[in-house]
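Structure first, commentary second.
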Amino acid sequence: MTTLENRPNTALLVVDVQNGAVEGAHERDTVVANVGSLVEKARGEGVPVVWVQHSDEQLERGS
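What follows is the structure, given as structure tokens:
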């Protein structure tokens, strides 16, 4: 994930990558694919992945 070695506290933080939050984003499909690639690489390297999902009344539940 990084070119810096010996970083035992490294994690990948993924914020608001849900349909209701990114549906109108610029180059949405590319962004989502890039996030997927980062998650796959992080998991392959044993780096923890932390998912944060925004929630409010305006954001469709389960999106």
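All residue numbers for the sequence shown refer to the working numbering, where the first residue is 1090 and numbers rise by one. Ideal Cβ placement from N, Cα and C applies to all residues, glycine included. Note that this is a predicted model, so its numbers are computed, not measured.
What are the boundary residues of the beta strand (DSSP E) that residue i is part of?
i	result
V1141	1138 to 1141
What residues in its chain sit with their C-beta under 8 angstroms from that of residue i, if we drop five residues either side in the sequence?
i	result
V1139	A1100, L1101, L1102, V1103
So, are the CB atoms of residue i and residue j less than 7 angstroms apart?
i	j	result
V1128	V1106	no
Based on the DSSP output, what are the partners of residue i in its beta bridges?
i	result
V1104	V1141
At which residues does the alpha helix (DSSP H) containing residue i begin and terminate?
i	result
N1098	Looking at the DSSP string, N1098 is not in any alpha helix (DSSP H), and its letter there is neither H nor E.
G1113	From DSSP, G1113 is part of no alpha helix (DSSP H); its letter is neither H nor E.
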